[in-house]
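Engineer: For reference, the structure I am asking about is given below.
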Amino acid sequence: MQATLFLEQLLNGLQFGFMLFLMAAGLTLIFGVMGLINLAHGSLYMIGAFACAAVAAATGSFWLGLMASLAAAAAAGALIEVVVIRRLYQRDHLDQVLATFALILILSEATRWLFGSLPLYLDIPPLLQGTVPLPGGSRYQLYRLALIGAGAAVAIGLYLLIARTRMGMRIRAGESDREMIAALGVDIRSLYTIVFALGAALAGFAGAMVGALQSVQIGMGEPVLILAFVVIVIGGIGSIRGALVGALLVGVVDTLGRFLLPALLSTFVSPSAAASTGAALASMLIYVVMALILAIRPQGLFPAGS
Amino acid sequence: MAEPILQLVGLSKSFGALKATDDVSLDLRPGEVHALIGPNGAGKSTLIHQIAGTLKPDTGTLRFDGRDIAGLHMAERVRLGLARTFQVSSVALEFSALRNVMLALQARQGSSFRFFKDIRSDRTLTEPAMAVLARVRLAERAAVPAAELSHGERRLLEIAIALATGPKAFLLDEPMAGMGPEGSKALTSFLAGLRDEAPILLVEHDMEAVFALADRVSVLVYGRIIATGTVNEIRRDPEVRRAYLGDGA
Amino acid sequence: MARETAFNIVLSVLLVAAPVATSLLGEPFYVTLATRIAILALAAVGLNMALGLGGLVSFGHAAFFGLGGYVAGILAVHAFNMEPMFAGIPGTKLMPVIWLVAIVACALLAFVIGAISLRTSGVYFIMITLAFAQMAFYFAISWPAYGGEDGLSFFVRNNFPGIDTLRPLSFLAICYGLLGLSLVFFHRLQHSRFGSALQAARQNETRLAAVGIRPFHVRLAAFVISAAVTGVAGALFADLNRFVSPSMLSWQMSGELIVLIILGGVGRLYGPVAGATLYVLLEFALGGITERWQFFLGLILLGVVLFARGGVIGVFAGRPRHG
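Chains as they are written, first to last, in our numbering: chain A, 351 to 656; chain B, 427 to 675; chain C, 454 to 776.
In structure tokens, the structure reads:
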């Protein structure tokens, strides 16, 4: 009984971790290649979720919605990059923080303008409804397993893209030596736009998929954004591998912490005190983990360039 | 013979398989200029970093003014009297030349945690700072932000800052770099007078300056000191000739 | 320099004259607006010591703003209910005592956070300070003793000996007094030996170490001082609203403090004042015109970063000069 519950929570942690990875991969690529802190990445997640919910409601097909989320987030990303972000690459982090903070205000309000203030709901597609049996006799939501699968597939795809393709070579070169690849005639401006749009599409994809588990609403991106930042800082900024390890670590630690800490505390104190203290400690847990990791390894687990 | 002020014994530092510093022993005695020369990539920078405190040696001892300094932070070594200049000028660019020197003076006076007194009217800082700038002939440029100084002037400012820390020894990393013939000549004669104030460990590529200044020369090749001696001894040393000229002598 | 001074004087005069005048005309609401400006400016002056002088981009100063707020709220509630806190220590409604406790609490917290965070730099520093503030945020949300997610209300504003703090103009005067003190302090700091070392740490930390000063020590001291000032602002903010909630600890709050400074001009004496004035007025003015005020606020902020580098003061007075 305890063991199956634990397995279920572990799977939930992995699912959460892979969704964080989709966000973190884009953030870390954008930081690694362009040196940009993008606070507006959470807005792209929100745009993906809204696009999916709107198209799914209009057509009745989750899958069309999912494609719409990719397209909308990538298009929004490319547009933002060309109009605003491009002017920030040479600026210091402080200017980037302010400008992308402003973008959050603009994008959130624009979304409210288009869709209103009420949350939208997105159904799990029929193909992925239902549960599957787990060892030990309990059952697990098929959709969440599908999210784990999709996250893992994206991780592999990104790895192949960066390690095996010409485009990936340019991305890696862009991380280490901007002037050199410009001198070699690579069109660095469009490379940056493509990388930004790619990161945006991943965020939008995550937003759409998570949208079917939660409600789709304004401001849904920011909590995930903060966690994604925690992830890339733990993993080492600029490292996709670090983002994957960091995301799974954060996802599992957070989920299991919420599950185990109250139970653990209840052996020492009264159940109600254990529940409240446990919840307090659990929500702080990943930040404690991050602070510990940075105190020991100030550049994260996989420092870029190592 | 006088006790050396700076003494390295058996210093080694590896990066993976590369021995950047290999069992280096070296000393600096009062009143002398000891030049450290060697081809590019010989490990001069790595050695300087270890003496100054930005790199930790793997093994070996490092003594300065009678005490072991291997565990000390760069700032603590400077406060003990080990002043350094950088290969590429490193100053506070937004500050005026004067304020750069004043920073060194306040550190020497051990009083950076004073929060209220305005340093612009603090004559215990401004007057000695002007005096130091006058010594390197930068007094007229005192109010100019370091960012607007010429390359040569910035090299001089570095030396002024080092002077202001109240050094017992100088660690000068290629002070002639980019100075031009005129500037090098002037700086060489300035440094010649400096040795009586505190001995100088001089890393330099400009051989004319080295031969003019050095009382002793050490030659570093592939992380090892292959010879130490007077200028004439070094010129005649067969191993040094081989390292530099590649001839079979 | 002269133009910057003139700008500072004009802004000071306006900030004093406008609320007094509108209050005489029977529009006390503007007094509250000015009080908000003063408190946010004070918080940002605190942050500006770390960020502007020392180049320490703390994305977690809400932790200190919120801690100051909770100090005020918790002490006030205990005093009101006349029940001692732990170890029999009574609460208090005396502002000076509250400020002192806020300063000590924030300094201690900043010492711990700074000692760990200052081992990192750049983006890592931005993010680790954010992480610490998030810890404080979630702690406040899930700790039920002082209101948890709902926050903590206290019914009467705290007292200041000899001043009726319930009168809006009197409370504004207290806030202006503290803001003025913080500006004098910032100015002295900027030109002191400590300020010199701190600014050198921002420009070139190797150089600072090479004259014999450890950058870490200087930065840690600056971070602690900066946090204490921001904490006092938090206590005042609690008194303004007679309410504290976890939102004072949120990452948006940290972001807003940074925004105020950039909007006004980084490292400028009056940057936080100009930034807070513009921000609060924009929020108010746009809020009066359109429901979509955040959209336009965003556009204006974006315009400032892209086209008005150096913030408002930069536009009026050009680039800063250092002695």
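C-beta atoms are modelled at their ideal positions from N, C-alpha and C, and glycine is treated no differently.
#1: Which residues does DSSP list as the beta-bridge partners of Thr-515 of chain A?
#2: Spell out whether any CB of chain A is found under 8 Å from the CB atom of Arg-672 of chain C.
#3: Looking at the C-beta of Ser-458 of chain A, does it have a partner C-beta in chain C at a distance below 8 Å?
#4: Could you give the DSSP three-state label for Arg-563 of chain B: helix, strand or coil?
#5: Can you list, in chain order, the stretches of the alpha helix (DSSP H) that have 4 or more residues and sit fully within the region 622-680 of chain C?
#6: With a threshold of 8 Å, are at least 3 pairs of Cβ atoms found where one atom belongs to the region 611-618 of chain C and the other to the region 434-442 of chain B?
#7: Quick one: what does DSSP say Val-570 of chain B is sitting in, helix, strand or coil?
#8: So for His-391 of chain A, helix, strand or coil by DSSP?
#9: Would you say Gly-665 of chain C faces chain B, with C-beta separation under 8 Å as the test?
#10: If we ignore side chains and look at the alpha-carbon of each, how far apart do Ser-626 of chain A and Pro-597 of chain C end up?
#11: Should Ala-404 of chain A be labelled buried (16 or more other beta-carbon atoms within 10 Å of its own) or exposed?
#12: Looking only at its own chain, which residues have a Cβ that is under 6 Å from the Cβ of Gly-649 of chain B, when we skip the five neighbours before and after it?
#13: Distance, Cα to Cα, Ile-590 of chain C vs His-514 of chain C?
#14: Between the region 474-502 of chain B and chain C, which residues of the former have a C-beta closer than 7 Å to a C-beta of the latter?
#15: Apply the 10 Å Cβ neighbour rule to Asp-453 of chain B and answer buried if 16 or more other Cβ atoms are within range, or exposed otherwise.
#16: Whole angstroms is fine: what's the gap from Gly-585 of chain A's alpha carbon to Phe-564 of chain C's?
#17: Following the continuous beta strand (DSSP E) through Ala-446 of chain B, name the residue where it begins and the one where it ends.
#18: Which residues, taken in chain order from the region 609-626 of chain A, show a beta carbon closer than 8 Å to some beta carbon of chain C?
#19: Are any of the Cβ atoms in chain A nearer than 8 Å to that of Pro-829 of chain C?
#20: What does Tyr-439 of chain A reach in chain C if we use C-beta pairs closer than 9 Å?
#21: Which residues in the same chain as Arg-539 of chain A place their Cβ atom closer than 8 Å to its Cβ, once the five residues preceding and following it in sequence are excluded?
#22: Mind reading off the beta-carbon distance from Gly-457 of chain B to Arg-662 of chain B? Whole number of angstroms is fine, and I expect it under 8 Å.
#23: Output the boundary residues of the alpha helix (DSSP H) element that contains Leu-755 of chain C.
#24: Use the C-beta contact count for Gly-764 of chain C: other C-beta atoms within 10 angstroms, 16 or more gives buried, fewer gives exposed.
#25: Anyone know if the C-beta pair for Gly-501 of chain A and Gly-392 of chain A falls short of 8 Å?
#26: From Gly-655 of chain B to Val-666 of chain B, what does the alpha carbon distance come to, in whole angstroms?
#27: Leaving out five residues on either side along the sequence, give the residues of the same chain with a beta carbon under 6 Å from the beta carbon of Ala-461 of chain C.
#28: Report the neighbours of Gln-705 of chain C on chain B: residues whose CB is nearer than 7 Å to its CB, in chain order.
#29: Compute the Euclidean distance between the alpha carbons of Gly-367 of chain A and Val-383 of chain A, then round it to the nearest angstrom.
#30: How far does the alpha helix (DSSP H) with Val-571 of chain A in it reach, from first residue to last?
#31: Hey, Ser-570 of chain C and Ile-581 of chain C are a contact pair by Cβ (cut 8 Å); roughly how many whole angstroms apart?
#32: Which residues in chain A sit within 7 Å of Phe-592 of chain C, going by Cβ to Cβ distance?
#33: For a contact defined as C-beta to C-beta under 7 Å, what are the partners of Leu-598 of chain B on chain C?
#34: My parser needs the alpha helix (DSSP H) runs of 4 or more residues fully inside the region 542-580 of chain C; what are they?
#35: Between Val-516 of chain C and Leu-702 of chain C, which are expected to be in contact by the criterion C-beta below 8 Å, what is the C-beta distance as a whole number of angstroms?
#36: Applying the criterion that 16 or more other CB atoms from any shown protein chain within 10 Å of the CB defines a buried residue, is Ser-619 of chain A buried or exposed?
Structural biologist: Straight from the coordinates:
#1: Beta-bridge pairing links Thr-515 of chain A to no other residue.
#2: no
#3: yes
#4: coil
#5: 646-656 and 658-663
#6: no
#7: coil
#8: helix
#9: yes
#10: 7 Å
#11: buried
#12: Lys-445, Ala-446, Thr-447, Asp-448 and Gly-469
#13: In the sequence as presented, Ile is not what sits at residue 590 of chain C; that position holds Phe. Going from the Cα of Phe-590 of chain C to the Cα of His-514 of chain C covers about 12 Å.
#14: His-499, Met-500 and Ala-501
#15: buried
#16: 26 Å
#17: 444-454
#18: Ser-626
#19: One cannot answer for residue 829 of chain C here, as it falls past the ends of chain C, which runs 454 to 776.
#20: Simply none; closest approach about 13 Å.
#21: Arg-436
#22: Contact doesn't hold; Cβ gap of about 25 Å is too wide.
#23: 746-760
#24: buried
#25: no
#26: 11 Å
#27: Checking the sequence, you will find Asn at residue 461 of chain C rather than Ala. Around Asn-461 of chain C: Tyr-723.
#28: The premise fails here: Gln-705 of chain C is roughly 32 Å from chain B at the closest Cβ pair, so nothing lies under 7 Å.
#29: 23 Å
#30: Checking the sequence shown, residue 571 of chain A turns out to be Gly, not Val. 571-585 is the extent of the alpha helix (DSSP H) around Gly-571 of chain A.
#31: 5 Å
#32: Ala-630 and Met-634
#33: Ordered by position in chain C, no residue passes the 7 Å Cβ test against Leu-598 of chain B, which lies about 12 Å from the chain.
#34: 548-570
#35: The question names Val, yet the displayed sequence has Ala at residue 516 of chain C. About 6 Å; that satisfies the 8 Å criterion.
#36: It is worth fixing the name first, because residue 619 of chain A is Val in this sequence and not Ser. Counting Cβ neighbours within 10 Å, Val-619 of chain A comes out exposed, since fewer than 16 surround it.
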